[in-house]
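S.K.: So the sequences go chain by chain: A and B. Last residue of the first sequence: 171 (numbering that gives the first Met the number 0), numbering continuous. Last residue of the second sequence: 590 (numbering that gives the first Met the number 0), numbering continuous. This is the structure I have questions about; it appears just below.
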Amino acid sequence: MRIARINSKSEDDKSETVDLRLIDQLIEKNKAKKGNLIPLLQGAQDIYGFVPRPVFEKISAECGIPLSEMFGVATFYAQFRLAPVGKHIIKVCHGTACHVQNAKEISESLEESLKIKDGETTEDRFYTLESVACLGCCSLAPVMMIGDQTYGKLTGNEAVRIVKNIKLGEQN
Amino acid sequence: MNITVTVGLGSCGIAAGANKTYEKIKALKEQENLPFDLQKTSCIGMCYREPLVEITDETGTYIYGDVNEDRAVEVIEKHINQQDPIREYIVYTDLFEASENDFIQSQVKIVLRNCGYMDPESITEYEQRHGYTAMKMIVMQNITREEVIKTILDSGLRGRGGGGFSTGLKWKFANANKSEQKYVICNADEGDPGAFMDRSVLEGDPHSILEGMIIAAYAIEATGGVIYCRAEYPLAIKRLNIAIGQAHEKGYLGKNIFGIRGWDFDIYIKEGAGAFVCGEETALIASIEGERGMPRKRPPFPAASGLWKKPTNINNVETFANVPWIILNGAAAYSKYGTEKSKGTKVFALAGKIRRSGLVEVPMGMTIKDVIFKLGGGIKNNKRFKAVQLGGPSGGCIPDYLSDTIVDYDSVNATGAIMGSGGMVVMDETTCMVDVAKFFLDFTRKESCGKCTFCRMGTMRMLEILERITNGKGREDDIQKLEELAYQIKDNSLCGLGQTAPNPVLTTIRYFRDEYEAHIMHKKCPAKVCRPLLTYTVDQEKCTGCLVCMKNCPAKAIAGERKKPHFINQELCTKCGVCFSKCKFASIILT
Numbered sequence: 000m001r002i003a004r005i006n007s008k009s010e011d012d013k014s015e016t017v018d019l020r021l022i023d024q025l026i027e028k029n030k031a032k033k034g035n036l037i038p039l040l041q042g043a044q045d046i047y048g049f050v051p052r053p054v055f056e057k058i059s060a061e062c063g064i065p066l067s068e069m070f071g072v073a074t075f076y077a078q079f080r081l082a083p084v085g086k087h088i089i090k091v092c093h094g095t096a097c098h099v100q101n102a103k104e105i106s107e108s109l110e111e112s113l114k115i116k117d118g119e120t121t122e123d124r125f126y127t128l129e130s131v132a133c134l135g136c137c138s139l140a141p142v143m144m145i146g147d148q149t150y151g152k153l154t155g156n157e158a159v160r161i162v163k164n165i166k167l168g169e170q171n
Numbered sequence: 000m001n002i003t004v005t006v007g008l009g010s011c012g013i014a015a016g017a018n019k020t021y022e023k024i025k026a027l028k029e030q031e032n033l034p035f036d037l038q039k040t041s042c043i044g045m046c047y048r049e050p051l052v053e054i055t056d057e058t059g060t061y062i063y064g065d066v067n068e069d070r071a072v073e074v075i076e077k078h079i080n081q082q083d084p085i086r087e088y089i090v091y092t093d094l095f096e097a098s099e100n101d102f103i104q105s106q107v108k109i110v111l112r113n114c115g116y117m118d119p120e121s122i123t124e125y126e127q128r129h130g131y132t133a134m135k136m137i138v139m140q141n142i143t144r145e146e147v148i149k150t151i152l153d154s155g156l157r158g159r160g161g162g163g164f165s166t167g168l169k170w171k172f173a174n175a176n177k178s179e180q181k182y183v184i185c186n187a188d189e190g191d192p193g194a195f196m197d198r199s200v201l202e203g204d205p206h207s208i209l210e211g212m213i214i215a216a217y218a219i220e221a222t223g224g225v226i227y228c229r230a231e232y233p234l235a236i237k238r239l240n241i242a243i244g245q246a247h248e249k250g251y252l253g254k255n256i257f258g259i260r261g262w263d264f265d266i267y268i269k270e271g272a273g274a275f276v277c278g279e280e281t282a283l284i285a286s287i288e289g290e291r292g293m294p295r296k297r298p299p300f301p302a303a304s305g306l307w308k309k310p311t312n313i314n315n316v317e318t319f320a321n322v323p324w325i326i327l328n329g330a331a332a333y334s335k336y337g338t339e340k341s342k343g344t345k346v347f348a349l350a351g352k353i354r355r356s357g358l359v360e361v362p363m364g365m366t367i368k369d370v371i372f373k374l375g376g377g378i379k380n381n382k383r384f385k386a387v388q389l390g391g392p393s394g395g396c397i398p399d400y401l402s403d404t405i406v407d408y409d410s411v412n413a414t415g416a417i418m419g420s421g422g423m424v425v426m427d428e429t430t431c432m433v434d435v436a437k438f439f440l441d442f443t444r445k446e447s448c449g450k451c452t453f454c455r456m457g458t459m460r461m462l463e464i465l466e467r468i469t470n471g472k473g474r475e476d477d478i479q480k481l482e483e484l485a486y487q488i489k490d491n492s493l494c495g496l497g498q499t500a501p502n503p504v505l506t507t508i509r510y511f512r513d514e515y516e517a518h519i520m521h522k523k524c525p526a527k528v529c530r531p532l533l534t535y536t537v538d539q540e541k542c543t544g545c546l547v548c549m550k551n552c553p554a555k556a557i558a559g560e561r562k563k564p565h566f567i568n569q570e571l572c573t574k575c576g577v578c579f580s581k582c583k584f585a586s587i588i589l590t
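Take a look at the structure:
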C-alpha cells in the first residue's frame, strides 16, 4: 500500500514549521520551464521529505499553477507524499518474483515487530513501512530497500533483525 | 600483460554486496601494492551468482561467483599472488568447463553486447567497443535519412516495449510529418513487476541508448530528445547523466553535432514519478508535459502530434540499444536471427522459482522450455515446473505443457499471453494460479488512471470476485462473471493498460480452470497458498512441545504442555498462519 499521502488532519500542517525560503532556488530554476510541475514537486519533496501545504501555496502563487491542478498531479503519482514520514522508509518489494517467494511474510513480520500497518509510520517517526511494486532486483527475491541499501533473500525474521539493528546502530 | 580485476557493480550486484567486495579488493591492492588494474563494470546477467569478479591475466579470463569479502581475500591471494586460480569458485571461463559456461555460451548478445564487458561510466571504453561508430559511419558515408529508415525497416526490428510495432515504420511516419520541431523519446519507465531488462541496459551501457536516440533523431530530423526514466532506478539515472555529459564534451550532443552544420540535438532525462500507466506512450507524453499521466485518444498518433503537439517518435530502451548494432552490421546480419515475423533477439529477465535468475538474450524462435531449462537451469529445489508468466500485468501464464511455444510475438500472443517487455516469472507447484491472477489484478486496479469506467470499475469488480474466491466464499457462477467482465474491459478501454489488464485472469482460467474450481466448489487451494482455505494441524510426531506456536497464536487456538505435542482447536483457529511461520521444526501441517 502506498503511504497515506493526504493528511486528514490538515490543521496539523500549520503546527509544522516549514521554512519556505528553502524552495526559492528551486522555483527560480524551474519557473519558466514548460512542464515544470513534476520537477517542482519532486524537488520540494527532496527538501522536506513530503510536500507540505504551504509549499503548494507558494509554488502556486509564484509559478501561476492552479492549486487544483497541482493537487491533481500530486495525488496521481505514487512518488508524492502529502504527509510527513519516518526518518527511514522501509520499502518492501511486492513485485511478481517477490510475491511468489512470500513477500507477504516480510511485510507481516515487520508490521508485527514495528506495531504499524502497511503505509503507516512508527510513533517515534523513525520508520515508515511501504510496500512497493518492483525494485528490479528480482534475482534476490524477496527484497526490501531502506535508503539506498537493498537487502535480498530475506525471511521474516531476517528482515526484523535488519530493521532492529539499524535502529540500534543509530541510537548508539 | 597487465592483470585486470573487474567487479560487477549493477544494482543487483550492489544489492548482493558488490560494493563491499570492491572496497575490499581496493584496500588489498593498496595495502600490498598489488600489480593489477581494478575496474568496474555492470551486470553481465548472472544475477544469481552475484557478486561477480572477473580476472583477466595472460592465461585468459575467469569469472568468480559469489565473491563476498572473505572470498575476495582468498581469490586475490591465490589467483593474483600465487597464480593459482581457484577452480571451484570459477563460474565462467573459456579455458575449461565451468559451472555456468553454457549460460553465457547459449546466448546471442546484441542488446547486451557491452553489458558486463566495459565500464559504463567511460565513453572511451564504449568507443573502443565500436561505440558511436554507427553514427560516424552515417556521417562519413553520407547515408541519407531514408536509407537509415530502410535499414531499420529491413532488419525487421519490432518495438521491444511490448507492443511489437515495426520500428522502421514508426520512424517512417515520424519522418513524413514535417515540422520545425520534432522529438525523440526513450521510454525507460520499466514498471512491469518482475522485469529488469531495461534497468540493466541503462546501467550497463547508457551510451548505446544515447547513440540509438541520436540515430533516430537523425532519421526523423528531431530537435530534442527525452529519456523518461523511472525514479526508482537511481543508478541508471546517474549513469545516463554521466553519459550525456561525456557525449556533450565529444560533440555528439549539443550544437552542430557530429560536425553536421545546423544539426542541434540534445537529450535530457525526465524522472518518472511512479505511475505504471506512463509506460503507455500518450500517458508518458502527458507526464513529460507535467500533467497527470492519463492516456489520450489515438489518432492522432504521436508520430503526427506528440510532445507539445509536435511529431514525436517513442521507442523503448531495448529497441534503441539494437539500433547502432543494426546500422553498423546491416539489416541482413540482424534479420538472420529470429523467425519469419519476429527478427533478431530478445532479452528476458528470468525470475521466480528458477535456479539461475538473471538476464538472458536469446534469438527469437527459441522455445520457452529451452530458455527456462537450458539457460535458466530449471526449477529451484527440484520442484515441478507449473507455469511461466510472460508480459507482466498485461500478459498471461503459459502452462508447462505449452512450453514448446517459441519466443516470437505471434506465437506467444496465440497462447493468450503477450511477449511484453520480457519479464519471465517462473512458477512451480507451490504457486497458486488464482492467487497470481489476484496479484496482477490488484496491481492493475491500483495503477488504472481512472479515465475509462470499464478499466476503473471493472478491475475493481474482478478483484472483488477473486478475493472472494481465495477467501473460500467463491460462488458457482464466478468464473463466468470474471470472463464477462474481462471481455467488457478489454473492449471498452482506451489504452493498453485496460485492454490487457484481464489477460492474467483469462489465461489462468483457460489453463488452470481446475484450480479455480477447487477453490470455488471444494473450498481448497491445491497449492496451499490461500490461507483461509487451509486447515492447520500439528504433526504429533514432529512436534517437540516448545510452546512457541502456542505463545504466538493470536487467537489462543493452540493448547499443549511443554515437551508434549500441541493441538490446534479448529473452531478457534483464524487461519492466520503465524504458527506455521514460527515453528522451527516444520511440524505444522497444511491440508
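Heads up, the beta-carbon is just placed ideally off N, CA and C, and yes, glycines get one too.
1. With a threshold of 7 Å on Cβ separation, who are the neighbours of G351/B within its own chain once the five nearest residues in sequence on each side are excluded?
2. Show which residues of chain A have a CB atom less than 8 Å away from the CB atom of M461/B.
3. May I ask you to check if the CB of K527/B is nearer than 6 Å to at least one heavy atom of the ligand FMN?
4. Apart from the five residues just before and just after G130/B, which ones in its own chain have a Cβ nearer than 6 Å to its Cβ?
5. Taking the runs of the alpha helix (DSSP H) that are 4 residues or longer, which of them lie wholly in the region 20-64 of chain A?
6. So, under 8 Å CB-CB, V528/B and D434/B are touching, yes? Tell me the CB distance rounded to an integer number of Å.
7. Please report the distance separating the alpha-carbon of L465/B from that of T534/B.
8. Measure the alpha-carbon distance for N67/B versus V406/B and round it to whole angstroms.
9. Return the first residue and the last residue of the beta strand (DSSP E) that P233/B is part of.
10. By Cβ distance below 7 Å, which residues in the same chain neighbour E317/B in space, the five residues on each side in sequence not counted?
11. Less than 7 Å between the C-beta atoms of C451/B and L493/B, yes or no?
12. Check each candidate in L8/B, D65/B, R157/B and name the one with the smallest Cα separation from K39/B.
13. Could you compute how far the alpha carbon of N156/A sits from the alpha carbon of K581/B?
14. Tell me, please, whether the CB atom of T507/B is closer than 7 Å to any CB atom in chain A?
15. Check whether chain B comes within 7 Å of L25/A, counting only Cβ atoms and requiring the distance to be less than that.
16. Output the boundary residues of the alpha helix (DSSP H) element that contains P503/B.
17. Kindly indicate which three-state DSSP category K574/B falls into: helix, strand or coil?
18. In chain A, what lies closer than 7 Å to P192/B by C-beta?
19. In or out: Y267/B buried (at least 16 other Cβ within 10 Å) or exposed?
20. Taking the Cβ atom as the reference point for each residue, do Y88/B and E99/B lie within a distance shorter than 7 Å?
21. Could you tell me the distance, in whole angstroms, from the CA atom of I13/B to the CA atom of R561/B?
22. Could you check whether G422/B and A500/B sit closer than 7 Å to each other, using their CB atoms as the reference points?
23. Which residue comes first and which comes last in the beta strand (DSSP E) that contains V346/B?
24. Please classify G71/A as buried or exposed, where buried requires at least 16 other C-beta atoms within 10 Å of its C-beta.
25. Within this structure, are the beta carbons of Q30/B and I122/B separated by less than 7 Å?
26. Against chain B, does E10/A count as a neighbour if the rule is that its beta carbon must be under 7 Å from one of theirs?
27. For D409/B, report the span of its alpha helix (DSSP H) as first-last.
28. Taking the alpha-carbon of Q487/B as reference, which of E463/B, I508/B, T458/B, E514/B has the nearest alpha-carbon?
29. To the nearest whole angstrom, what separates the beta carbons of Y333/B and S154/B, a pair I think is in contact under 8 Å?
30. Tell me which same chain residues have a C-beta within less than 8 Å of the C-beta of T149/A, skipping the five on either side of it?
31. Give me the Cα-Cα distance between Y515/B and I43/B, rounded to the nearest whole angstrom.
32. Nearest to T5/B by alpha carbon, out of G16/B, T55/B, S105/B?
33. Would you say T127/A and G94/A are within 7 Å of each other, going by their C-beta atoms?
34. Under 8 Å between beta-carbons, which chain B residues line up against T127/A? List them in chain order, please.
M.R.: Quick answer:
1. V424, V425, M426
2. Here the premise fails: no neighbours, minimum Cβ distance about 18 Å.
3. What this structure holds is no ligand at all, so the ligand FMN is not there to describe.
4. H206
5. The region 20-64 of chain A contains these whole alpha helix (DSSP H) runs: 23-29, 36-47, 52-62.
6. 5 Å
7. 20 Å
8. 36 Å
9. It is not in any beta strand (DSSP E) - P233/B instead sits in the alpha helix (DSSP H) that spans 233-249.
10. These residues qualify, in order along the chain: V110, R159, M196, D197, V200, V346.
11. Yes.
12. L8/B
13. 9 Å
14. Answer no: the Cβ-Cβ gap between T507/B and chain A never drops below 7 Å.
15. no
16. 502-519
17. coil
18. Contact annotation for P192/B against chain A: G94, T95, A132, C133 [CB-CB distance below 7 Å, chain order].
19. Note on Y267/B: under 16 other CB atoms within 10 angstroms of its CB, so exposed under the neighbour-count rule.
20. no
21. If you take the alpha carbons of I13/B and R561/B, they lie about 45 Å apart.
22. no
23. Element bounds for V346/B: 344-351.
24. That one is exposed.
25. no
26. With a pLDDT of only 45 at E10/A, under 50, the local geometry of the prediction cannot be trusted, and the value read off the model is given with reservation. Not one chain B Cβ lies under 7 Å of E10/A.
27. 408-413
28. T458/B
29. 4 Å
30. L134, C136, L139, V142, M143
31. 40 Å
32. Relative to the Cα of T5/B, the nearest Cα in the group G16/B, T55/B, S105/B belongs to T55/B.
33. One thing to note: T127/A has its Cβ no nearer than 7 Å to the Cβ of G94/A.
34. Chain B residues near T127/A: none, gap ~16 Å exceeds 8 Å.
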